[in-house]
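Under the numbering used here, the very last position in the sequence shown is 102; numbers go up by exactly one each time. Working notes for the structure below.
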Amino acid sequence: MARYHNYYVYICCNRLRTVLYVGVTNDLDVRMTQHQNESYNHINSFCGRYKCHHLIYWEYYRSIHAAILREKQIKRWSRKKKEELIRSQNPNWEFIKTSDY
């Protein structure tokens, strides 16, 4: 039986918006805090190496299965298609603060 909770597919980027990271989480606040925390953001992690600390896009799901499928779909997309997705929700690519969602 499927379990329904809160899940998020998100895209974050570096300060210059040149590197994108797509992820999935059940707690967007905690996950973004982890991305921004220097001790968590080790140089060996993708986000740590490229300083992808800024949330620019997110989607909400009730099913982890649906969220993971969507994450995998977006990860396969070209940069251009990801940019179009981001612009559909965030036309100016403004950094989203946790209090904004």
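Even glycine gets a Cβ: it sits at the ideal position worked out from N, Cα and C. Note that this is a predicted model, so its numbers are computed, not measured.
Check                                                                                                                                       : Outcome
Using only CA atoms, which one of H66, R88, C13 and T19 lies nearest to R32?                                                                : C13
Beta-carbon within less than 7 Å of L56's beta-carbon, same chain only, minus the 5 sequence neighbours each way: which residues are those? : Y11, C13, M33, F96 and I97
So who's on the other strand from I12, going by DSSP bridges?                                                                               : V23 and Y58
To the nearest angstrom, report how far apart L70 and Y62 are at their CA atoms.                                                            : 11 Å
Less than 7 Å between C-beta atoms, sequence neighbours within five positions excluded: which residues of the same chain meet that for V20? : C14, Y51 and C53
Count the other CB atoms within 10 Å of the CB of T99; is the residue buried (16 or more) or exposed (fewer)?                               : exposed
May I ask which residues mark the beginning and end of the alpha helix (DSSP H) holding S89?                                                : R80 to Q90
Going by Cα to Cα distance, which pick from K76, A68, N93 and H36 is closest to Y9?                                                         : A68
Thinking C-beta only, is I65 closer than 9 Å to V23?                                                                                        : no
Please confirm whether H75 and K81 have their CB atoms less than 9 Å apart.                                                                 : Reading the sequence as shown, one finds Ile at residue 75 and not His. No, Cβ-Cβ distance for I75 and K81 is not below 9 Å.
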